[in-house]
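Chains as they are written, first to last, in this note's numbering: chain A, 11 to 340; chain B, 11 to 340; chain C, 11 to 340; chain D, 11 to 340. One structure is given here, and the rest of the page talks about it.
4 protein chains.
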Amino acid sequence: MSGNTFGKIFKITELDRRKPGQSDITTQRKEDDAVEILSGVFEGKTLGTPIGMIIYNKDQKSKDYSNIKDVFRPNHADITYQAKYGHRDYRGGGRASARETANWVAAGAIAKKILKNEGVSVNGFVSEIGKVKADSINHKNINNKYFFSDESKLSELDSMFKDLIEEGNSVGAKLGVIVKNCPVGLGDPVFEKLDANLAKAIMTINAVKSVSIGNADDLLSLKGSEARDEITESGFTSNNSGGILGGISNGDDISLSFIIKPTSSIKTKGKTVNKEGNEVDIEVTGRHDPCVGIRAVPIAEAMVSLVLVDHLLINKAQCADVEQNLPFSE
Amino acid sequence: MSGNTFGKIFKITELDRRKPGQSDITTQRKEDDAVEILSGVFEGKTLGTPIGMIIYNKDQKSKDYSNIKDVFRPNHADITYQAKYGHRDYRGGGRASARETANWVAAGAIAKKILKNEGVSVNGFVSEIGKVKADSINHKNINNKYFFSDESKLSELDSMFKDLIEEGNSVGAKLGVIVKNCPVGLGDPVFEKLDANLAKAIMTINAVKSVSIGNADDLLSLKGSEARDEITESGFTSNNSGGILGGISNGDDISLSFIIKPTSSIKTKGKTVNKEGNEVDIEVTGRHDPCVGIRAVPIAEAMVSLVLVDHLLINKAQCADVEQNLPFSE
Amino acid sequence: MSGNTFGKIFKITELDRRKPGQSDITTQRKEDDAVEILSGVFEGKTLGTPIGMIIYNKDQKSKDYSNIKDVFRPNHADITYQAKYGHRDYRGGGRASARETANWVAAGAIAKKILKNEGVSVNGFVSEIGKVKADSINHKNINNKYFFSDESKLSELDSMFKDLIEEGNSVGAKLGVIVKNCPVGLGDPVFEKLDANLAKAIMTINAVKSVSIGNADDLLSLKGSEARDEITESGFTSNNSGGILGGISNGDDISLSFIIKPTSSIKTKGKTVNKEGNEVDIEVTGRHDPCVGIRAVPIAEAMVSLVLVDHLLINKAQCADVEQNLPFSE
Amino acid sequence: MSGNTFGKIFKITELDRRKPGQSDITTQRKEDDAVEILSGVFEGKTLGTPIGMIIYNKDQKSKDYSNIKDVFRPNHADITYQAKYGHRDYRGGGRASARETANWVAAGAIAKKILKNEGVSVNGFVSEIGKVKADSINHKNINNKYFFSDESKLSELDSMFKDLIEEGNSVGAKLGVIVKNCPVGLGDPVFEKLDANLAKAIMTINAVKSVSIGNADDLLSLKGSEARDEITESGFTSNNSGGILGGISNGDDISLSFIIKPTSSIKTKGKTVNKEGNEVDIEVTGRHDPCVGIRAVPIAEAMVSLVLVDHLLINKAQCADVEQNLPFSE
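See the structure below:
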């Protein structure tokens with residue numbers, strides 16, 4: 011009966027990239043982040059039935075939440091959960107906790123395996139942190155603690171984070187994801203456009219406030235004759251469209267970017283109200299990331315991978331009998 | 011039997027705002043854009059069953075499409091539809107035609123009626139066209155042909171459009187939508203966040219490449235202590251979050267913005283390939299809007315309204331028994 | 011540009027089998043039942059986008075509904091629609107009208123074409139009408155006005171219907187559908203079992219009160235050793251399971267049966283109440299089928315075909331890379 | 011922080027009714043069937059977010075499945091899972107195991123709590139086992155090991171089961187569920203009829219081959235004038251329709267019945283094939299229920315309860331503003 015995965019504990023590399031406690035600029039909460047596969051895999055292969063996975067919170071039970079129990083942290087879901095449901099789990103923000111994203115990364119790790127089989131790669135990176143902006147984009151083999159795409163800015167970032175930690179403050183970030191070798195034909199003309207579903211998935215990530223496909227930043231300064239990606243026998247001459255036309259992948263690189271707001275849980279004292287509506291000062295203690303955006307790299311890769319795999323399977327249902335080719339010479 | 015709406019032809023004001031042929035800067039195609047209600051309404055009231063509506067294309071049959079029949083217009087869905095399905099309707103771009111959006115505006119007109127009953131207003135506007143940027147935002151009673159939120163820039167726009175038409179070129183635009191008086195509690199914590207669904211709906215609009223919730227443009231220059239919307243007894247002190255916290259509306263104004271690429275169908279000659287993969291020059295004749303973004307104002311209002319009504323009904327299913335209040339004094 | 015189907019009017023053979031006014035035992039309402047294809051088909055082929063179709067009611071406008079306007083016909087949806095929505099379209103029963111099923115038959119005609127391409131046939135028949143029971147099942151080439159599977163009983167049926175029409179009364183019926191050559195592998199283990207979806211589809215047909223898969227009638231008199239379909243090298247030795255095991259098609263004939271209640275709209279006077287709750291006598295005038303079950307044959311074939319095509323496409327998404335074979339010698 | 015349910019182990023009474031090993035006529039496999047709530051409940055109340063629950067298989071690991079590893083048990087999902095996916099978990103039948111239904115019963119226990127709050131009761135019972143038929147229906151407080159609705163037949167059943175166990179054989183069963191005090195208005199006119207969804211849910215239960223709403227058994231012998239449920243000032247005069255008209259609950263008792271095939275896993279030797287397609291004899295050892303139908307009573311109650319709660323919530327979204335009344339005097 012060897013080879014069975016039920017009940018075994020796995021370490022998923024992707025989870026290690028997401029998890030806190032990895033450096034001085036991310037939360038010091040120690041989470042083991044090992045995933046247990048409960049169902050759907052047998053003798054090393056998927057069964058076709060749903061794959062159930064569980065990641066236990068090992069480090070949570072003993073915490074003291076009395077300071078935030080009856081108080082709404084500014085720019086958090088505390089106040090909306092309470093208003094919507096009349097009841098909330100104040101410990102760690104309940105479902106609004108960044109802990110939730112560990113699930114997505116675990117599921118995304120499976121999606122990435124499927125995509126790898128099809129030759130598709132999905133790579134994320136950070137291109138701006140606060141006012142520090144990358145001059146060049148490197149979307150592969152990023153091996154620095156900021157996932158920053160321009161290594162020439164690392165010491166500038168070190169210095170900025172030193173100040174932020176001292177100050178008890180935080181900054182926002184801009185991130186990107188690039189998909190290489192995506193097959194043509196993923197997405198639908200009206201109701202399930204690939205870009206619409208990518209936008210939904212990215213906007214689902216905690217603290218994301220903006221998402222763009224392709225070269226959106228330049229579309230107000232370019233004219234139509236410059237922005238349209240002309241076509242030659244060997245392919246598109248540019249990729250302002252970010253690899254998607256009319257909601258459907260065009261075989262070119264899919265590129266997207268998104269903006270994450272500054273961490274709201276900071277040591278700097280701020281104004282808020284409690285459940286009774288009385289004003290109180292709040293100062294969120296404990297260690298928090300001065301920039302939550304950094305840890306969003308593996309999360310965004312997971313979300314993009316999940317959307318792509320969904321569309322890959324849907325495209326098989328729709329067009330299994332069509333040879334999906336572009337009219338380009340190799 | 012008077013009062014029955016079946017088979018009656020209606021003029022929907024919203025459709026008039028969207029339709030082409032209204033000024034010298036929008037397409038001169040004459041469409042009547044009258045909607046016929048087929049089902050779901052009886053004696054002036056909805057029946058609870060689906061409302062079927064139809065808008066016939068009166069002006070379409072006699073067109074000559076031979077010039078685009080076998081050629082892929084750059085930055086259009088022509089090439090992706092052909093690659094995905096191996097077959098496409100080249101006339102007017104098929105389902106990728108902006109004509110598709112008339113349906114959404116018709117459906118959105120009903121959604122807006124429901125929202126109006128609840129006291130909610132949804133207003134769109136244009137804030138940037140090409141390099142011309144509004145200095146002030148007015149989101150109500152905009153009565154200029156550009157739906158532009160800053161009337162001091164109208165003559166600058168006139169002059170820009172005169173040049174664009176002469177040149178046979180086009181520009182992109184940035185638009186905004188503001189929702190006033192949205193009830194607290196719309197949206198879900200994880201799978202159907204309100205902002206995620208708004209992003210999907212807006213990104214579904216033809217030519218949209220970027221969507222932001224709240225004050226995303228400033229999130230890279232603000233620190234956490236500045237960006238978090240603090241709370242007092244009378245409400246939030248700012249609204250960088252755009253009225254949504256943790257995927258759920260917080261009762262403040264919902265604000266979003268989005269960027270539309272420059273019209274791809276322009277008179278300026280460009281390179282493309284035909285179905286056989288041979289390079290050809292293309293020049294899209296006929297009148298086309300030099301900025302498709304302008305007509306997107308009623309479309310975006312419709313999409314936002316449809317998302318809000320969906321969530322309004324879902325929220326009734328979820329929380330009909332909860333008094334959904336914020337802890338603010340009036 | 012000939013060959014385009016938009017706006018053309020089609021006669022669908024399946025609709026002729028369903029429509030009323032065909033013999034002395036079905037309603038004399040004359041409906042043309044021609045379908046107009048609005049979208050999704052171009053130059054004789056589907057486009058991959060949704061196929062819109064419309065069937066207009068030609069014969070409906072002038073009717074007088076004053077006798078049923080404020081009265082609830084017994085065993086009809088009149089009373090539940092009114093109670094649920096507080097408002098209803100009393101003309102012809104609104105969406106509860108058997109007219110609704112014309113849509114399903116039109117959609118099912120397309121599903122049948124897809125199935126035919128895969129070599130799958132779907133044939134319905136009537137096996138019991140009131141107390142007259144077929145001694146033999148013929149599920150192909152049934153060419154009698156009752157769609158009855160045993161032609162030796164036709165004169166008995168003629169005589170029964172003569173009496174029913176004189177009496178102004180009605181009877182129920184039992185019908186069957188047999189699917190030949192269904193591929194193995196359609197259906198899911200838990201959430202979308204093929205038999206569960208067939209049961210839902212059949213129970214959706216107006217007046218159906220019972221649905222069975224395979225040889226359900228005998229399962230209380232057979233023991234496990236008799237009822238289990240044993241397996242040999244050349245296939246299953248019997249087919250009590252009706253071609254589905256564990257929610258998934260096993261390649262054998264799919265057989266199902268269902269019971270339709272007697273027509274509720276009959277001339278025989280009955281008791282009911284009006285909107286004010288006062289008791290009134292009701293006698294539904296006009297011609298009504300003395301057995302609505304007969305016309306359900308093409309409707310059931312359509313519903314079964316739609317479910318099968320859905321599962322065929324889903325199975326491609328799930329298992330496109332699996333060779334789905336049974337271990338039988340040919 | 012007392013009162014928190016996370017990580018606590020619960021005993022659900024409903025699970026005890028379903029679980030095996032309770033008497034000499036049900037499987038002797040010992041399962042603890044305690045459920046652990048993982049999420050969605052806090053301080054004794056639901057949070058509005060999904061409720062995650064887990065039931066571990068305590069008794070499974072050490073079993074020897076070598077005899078069924080490469081052989082397809084007749085009338086089981088073994089052969090269809092293998093054909094569909096090319097890979098299967100042979101241990102206990104994988105997702106086809108009756109163990110799967112423990113999940114549904116756990117979820118149904120929550121649904122039943124919600125229904126109880128609304129005054130709705132859901133009670134199941136067995137009315138036929140093999141050739142033994144109940145003469146009277148008692149759907150409450152059934153306290154015998156067969157859940158049999160007619161206690162006068164218990165000794166007859168004892169004797170039948172004694173013989174079946176000796177013989178190593180099995181029989182089928184007919185069961186019923188009655189819902190009392192269901193609110194009027196649940197269900198949709200076309201796409202999500204209440205009876206259609208009940209049929210799907212019941213047909214999803216392992217081994218169910220037939221499902222009926224109301225008095226389906228008599229609909230072939232009754233005429234329309236007898237079968238229609240006439241209406242008086244105090245309500246319906248009969249309930250052949252089983253509490254549902256036009257897909258919507260009418261406020262009367264909802265009654266349904268269904269047939270479960272004889273247990274396929276029996277000691278009596280039978281013919282089958284192995285993965286290579288070679289014929290082998292099979293004899294399923296271990297203890298198996300001689301009638302799996304008996305344990306389906308709590309499962310069916312759970313499935314019906316889940317469907318009703320879904321429709322209850324949907325009805326709030328649809329008709330929160332309608333006073334849903336029937337025109338009857340009290």
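Backbone N, C-alpha and C fix where the C-beta goes; we use that ideal spot for every residue, glycine too.
Nearest CB-CB separation between residue 242/C and chain B: not below the 8 Å threshold. Think of a sphere of 7 Å around the beta carbon of residue 105/A: the chain D residues whose beta carbon falls inside it are 59, in chain order. Look at residue 149/A: its C-beta is not under 8 Å from any C-beta on chain D.
Distances from the CA of residue 209/C to each of 315/C, 154/C, 278/C and 300/C were compared; the closest alpha carbon is that of 315/C. At a Cβ-Cβ threshold of 8 Å, residue 230/B and residue 141/A count as neighbours. Counted as a single uninterrupted DSSP element, the beta strand (DSSP E) harbouring residue 291/A occupies residues 289-292.
For residue 201/D, no CB of chain A lies under 8 Å from its own CB, so it is not counted at the interface with that chain. Counting C-beta atoms within 10 angstroms of its own C-beta, residue 224/B has 16 or more neighbours from the protein chains shown and is therefore classed as buried. Chain-order list of chain A residues neighbouring residue 323/C: 327, by C-beta distance under 7 Å. Residue 186/B is bridged by DSSP to 135/B and 267/B. Residue 255/C and residue 49/B have their C-alpha atoms some 41 Å from each other.
Membership of residue 161/B in any beta strand (DSSP E) is not indicated, and neither H nor E is assigned to it by DSSP. In the three-state scheme derived from DSSP, where H, G and I count as helix and E and B as strand, residue 143/A is classed as strand. Contact check between the segment 255-271 of chain A and the segment 181-200 of chain A: three or more CB pairs, one atom from each, fall below 8 Å, which counts as touching. Here residue 311/B is buried: its Cβ has 16 or more other Cβ atoms, across all protein chains shown, within 10 Å. Taking the C-beta atoms as reference points, residue 259/B is found nearer than 8 Å to residue 195/B. Your pair residue 91/C and residue 199/D checks out as a contact, with CB atoms roughly 7 Å apart and the cut at 8 Å.
Distance check between residue 325/A and each of 241/A, 192/A and 63/A places 192/A closest, using alpha-carbon atoms only. In the DSSP annotation of this structure, the continuous segment of the alpha helix (DSSP H) that includes residue 204/B starts and ends at 204-214.
Residue 220/C carries a strand assignment under DSSP once its states are collapsed to helix, strand and coil. Relative to the Cα of residue 203/D, the nearest Cα in the group 252/D, 298/D and 321/D belongs to 321/D. For residue 322/C, the uninterrupted alpha helix (DSSP H) segment begins and ends at 306-329. Against chain D, a Cβ distance below 8 Å from residue 26/A picks out nothing, because the smallest value is about 23 Å. Contact annotation: residue 125/A and residue 132/A have beta-carbon atoms nearer than 8 Å.
Separation of residue 269/A and residue 158/B (C-alpha to C-alpha, rounded to the nearest whole angstrom) is 26 Å. Under the DSSP definition of a beta bridge, residue 247/B lacks any partner. In its chain, beyond the 5 residues on either side, 88, 91, 92 and 104 have a beta carbon closer than 8 Å to the beta carbon of residue 98/A. DSSP lists no beta-bridge partner residue for residue 54/A. Residue pairing from DSSP places residue 281/B in a beta bridge opposite 291/B. Proximity of chain B to residue 112/D at the Cβ level (cut-off 7 Å) is not reached, the minimal Cβ distance being about 25 Å. Taken through DSSP and simplified to helix, strand or coil, residue 259/C comes out as strand. Contact check for residue 281/A and residue 289/A: beta-carbon distance about 6 Å, within the 8 Å limit, so the pair qualifies. Ranked by Cα distance from residue 77/C, the first of 172/C, 138/C and 296/C is 296/C. Between residue 334/D and residue 155/C, the CB-CB gap reaches or exceeds 8 Å.
In its chain, beyond the 5 residues on either side, 83, 84, 85 and 86 have a beta carbon closer than 7 Å to the beta carbon of residue 274/C.
Excluding the 5 residues flanking it on each side, residue 279/D has same chain C-beta neighbours closer than 8 Å at 291, 292 and 293, in chain order.
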